[in-house]
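Worksheet: one structure, shown below.
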Amino acid sequence: MWGYAVWRRCPRGLRRGREALLALLALLAMVGLGSVLRAQRGATAAESEISRTRRSGRRDPVLPRPPVPEDALGAGGEAVRLQLEGEELRLQEESVRLHQINIYLSDRISLHRRLPERWNPLCKEKKYDYEHLPTTSVIIAFYNEAWSTLLRTVYSVLETSPDILLEEVILVDDYSNRDHLKERLAKELSRLPKVRLIRANKREGLVRARLLGASAAKGEVLTFLDCHCECHEGWLEPLLQRSPTMAGGLFAVSKKYFEYLGSYDTGMEVWGGENLEFSFRIWQCGGTLEIHPCSHVGHVFPKQAPYSRKKALANSVRAAEVWMDEFKEIYYHRNPHARLEPFGDVTERRQLRAKLQCKDFKWFLETVYPELHVPEDRPGFFGMLQNKGLEDHCFDYNPPNEHDITGHQVVLYLCHGMGQNQFFEYTSQNEIRYNTHQPEACVAVQAGTDILTMHLCEEKAPENQKFILQEDGSLFHVQSKKCVQAERKAFSDSFVPLLRDCTYSEHQKWFFKERML
0 MWGYAVWRRC PRGLRRGREA LLALLALLAM VGLGSVLRAQ RGATAAESEI
50 SRTRRSGRRD PVLPRPPVPE DALGAGGEAV RLQLEGEELR LQEESVRLHQ
100 INIYLSDRIS LHRRLPERWN PLCKEKKYDY EHLPTTSVII AFYNEAWSTL
150 LRTVYSVLET SPDILLEEVI LVDDYSNRDH LKERLAKELS RLPKVRLIRA
200 NKREGLVRAR LLGASAAKGE VLTFLDCHCE CHEGWLEPLL QRSPTMAGGL
250 FAVSKKYFEY LGSYDTGMEV WGGENLEFSF RIWQCGGTLE IHPCSHVGHV
300 FPKQAPYSRK KALANSVRAA EVWMDEFKEI YYHRNPHARL EPFGDVTERR
350 QLRAKLQCKD FKWFLETVYP ELHVPEDRPG FFGMLQNKGL EDHCFDYNPP
400 NEHDITGHQV VLYLCHGMGQ NQFFEYTSQN EIRYNTHQPE ACVAVQAGTD
450 ILTMHLCEEK APENQKFILQ EDGSLFHVQS KKCVQAERKA FSDSFVPLLR
500 DCTYSEHQKW FFKERML
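Under numbering that gives the first Met the number 0, the first residue of the sequence shown is numbered 0, with each subsequent residue one higher.
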């Protein structure tokens, strides 16, 4: 995980963060990392460049890291797979079911292990003026987190953060109900320097839990960290050199600027969408979001959330309604069910946008990431691609995971009207784009085959990715000079689109349907 940075220049300048911005639009269509925020337009010079007196203090970490044997389980971040059976296997499976992470294994790995260096070798040469860098409060919100992953996060902060820079670590308990997070946790944390525990009086969700920590913070910079992370050596300094940071799973931001920007949208519930909303706000209101290659933090990603995230959709809708202007329709086209999602009152957030004199979303797309393909969504050329001869069957593409999006076959499945894996766009370049995910994929046909598969889209569409949707509904493949036909898959009850000689039958005719009637 790389650190992000957001700052202000006067006059404002922009530095593109390709990976970050591409992910923002992709995540909105489907549903962090470290960031640094600098003071922006409207902040005073005193806020923008805080006058700091030289401080004295230790550059060593707050706590020394105890030695861990090189052959210890998981040492150096090495992958581990336990060969278990019987009761041990049952306990491991139970830990995965409860936490969506293999906590049985995590509990057997040292809380003090060191991760291997992942940064660019040039990062080692960077020098920091520790006495003039701002101090930071690291805020870790958690809910029913496992003991070892939570404590490993805390220890990794204390054992990698220079004492002179770390003001405090604030843990915010978002109304957990598991016994190990009650007295046992309080006792454990009371032994650690610079660590405070705050408990919410009711379930608040990630946004408001983080705000509880922010309101109690004493540091000049707020650094927000997920509760199952491990920090690399040197992770903190580059974020603070750029100024405070803040973002998704790891980010840092100037406390004054965070408050000036309107902190978090407290109308968001539990988890999801808050990083998108805040990122849009940073860019559109005069800031800059950057990835910092010298800041690395390891992050454990559960197979799925161990708690309900039903509000993630409503949170994304709030972000779209406040910041995306007319481009929110692109989001709704791909997520028709989102139109019906109650998202609360956003009047206050729109007023904040007006007060800060923020740019529109068109500016964001044209200035911040002009390389991004913005869907055309021409009427009659997006939505479900349905066959006329095979009743109620549509193009369908469901890759095994978000990291393996290309190379698989397009199939035909009963039309469901929910967008996502059945949403396609026919572009003015004669592409059939599958753009509910990133990177975007285009329907293509490998030379010598009749099978439709997904390839990465290119700036200029190659011939094997070009199809002409003719007036009679036939879908003509330019390179092969054949037509796309709906057929039963060999030795199967399922159906697929294949290239065949053009006969102009009903099974070779197609039309786009935006939504189910």
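Don't be surprised by glycine CBs; every beta carbon is placed ideally from N, CA and C.
Bear in mind that the values here come from a model prediction, so they are computed numbers and not experimental data.
Considering Cα atoms alone, identify which of the options is closest to residue i.
i	options	result
A446	T435, A440 and P461	P461
H111	D359, A440 and T152	T152
R96	A145, L180 and Y174	A145
K125	R183, L235 and F141	L235
C456	N429, M323, S491 and A353	N429
L188	L221, L150, H506 and D225	L150
L83	N101, D344, E77 and T287	N101
K480	V367, V316 and Q469	Q469
G212	N397, E232, N176 and K254	K254
L389	S504, Y330, L451 and N397	S504
H227	E424, D106 and E182	D106
Q478	D471, F510 and D500	D500
P496	D471, K361, I197 and M453	M453
Helix, strand or coil for residue i per DSSP?
i	result
V410	strand
A319	helix
C226	coil
K512	strand
R195	strand
R51	Here R51 scores only 45 on pLDDT, less than 50, and its place in the model should not be relied on; the value that follows carries that caveat. DSSP places R51 in coil when its eight states are reduced to three.
L180	helix
Q385	strand
T152	helix
K517	The structure shown does not extend to residue 517, since the chain spans only 0 to 516, so no value can be given for it.
Y396	coil
Q464	helix
E430	coil
C441	strand
Y331	helix
Y174	coil
R17	Low confidence applies here, because R17 scores a pLDDT of 36, under 50, leaving its location unreliable and the question unanswered by this model.
I102	helix
S504	coil
T159	coil
Among residues of its own chain, excluding the 5 on either side of residue i, which ones have a beta-carbon nearer than 6 Å to its beta-carbon?
i	result
Y103	L90, Q91 and S94
R514	P335 and G416
Y129	R58 and I163
Q356	none
T502	none
P161	R58
V373	L364
V194	V168 and L188
G76	L114 and P115
P65	H111
Would you call residue i buried or exposed, if buried means 16 or more other Cβ atoms sit within 10 Å of its Cβ?
i	result
P63	exposed
L498	buried
N274	buried
T426	buried
H476	buried
N314	buried
V444	buried
R280	buried
Q350	exposed
P60	buried
T448	exposed
R348	buried
D403	exposed
T344	First, the residue type needs correcting, since residue 344 is Asp and not Thr in the sequence shown. Classification of D344: exposed, given that the 10 Å Cβ count is below 16.
H98	buried
P438	exposed
L517	Lying before the first or after the last residue shown, residue 517 is absent from the chain, which here runs from 0 to 516.
P237	buried
F408	Going by the sequence as given, residue 408 is Gln instead of Phe. It is exposed - the Cβ of Q408 has fewer than 16 other Cβ atoms within 10 Å.
Among the residues of its own chain, which have a CB less than 8 Å from the CB of residue i, if the five just before and after it don't count?
i	result
H392	Q385, N386, L411, Y412, L413, C414, A485 and F494
N540	The displayed coordinates of the chain run from 0 to 516. Any statement about residue 540 would go beyond what the structure contains.
V67	A74, S109, H111, R112 and R113
E232	R113, E116 and T159
S262	L210 and A213
H506	N386, K387, G388, L389, Q484, A485 and E486
Counting only C-beta atoms, is residue i closer than 9 Å to chain D at any point?
i	result
E219	Considering every chain present, this structure includes no chain D. It has just one protein chain.
Residues in its own chain within less than 7 Å of residue i by CB, not counting five upstream and five downstream?
i	result
V79	L72, G73 and L104
(message) Three or more C-beta pairs under 8 Å: does that hold for the stretch 257 to 274 against the stretch 204 to 214?
(response) The stretch 257 to 274, when compared against the stretch 204 to 214, does touch it at the 8 Å Cβ threshold.
(message) Tell me whether the stretch 212 to 219 and the stretch 159 to 176 touch, counting them as touching only if at least three CB pairs, one residue from each stretch, are closer than 8 Å.
(response) Three or more Cβ pairs closer than 8 Å define a contact, and the stretch 212 to 219 meets that threshold against the stretch 159 to 176.
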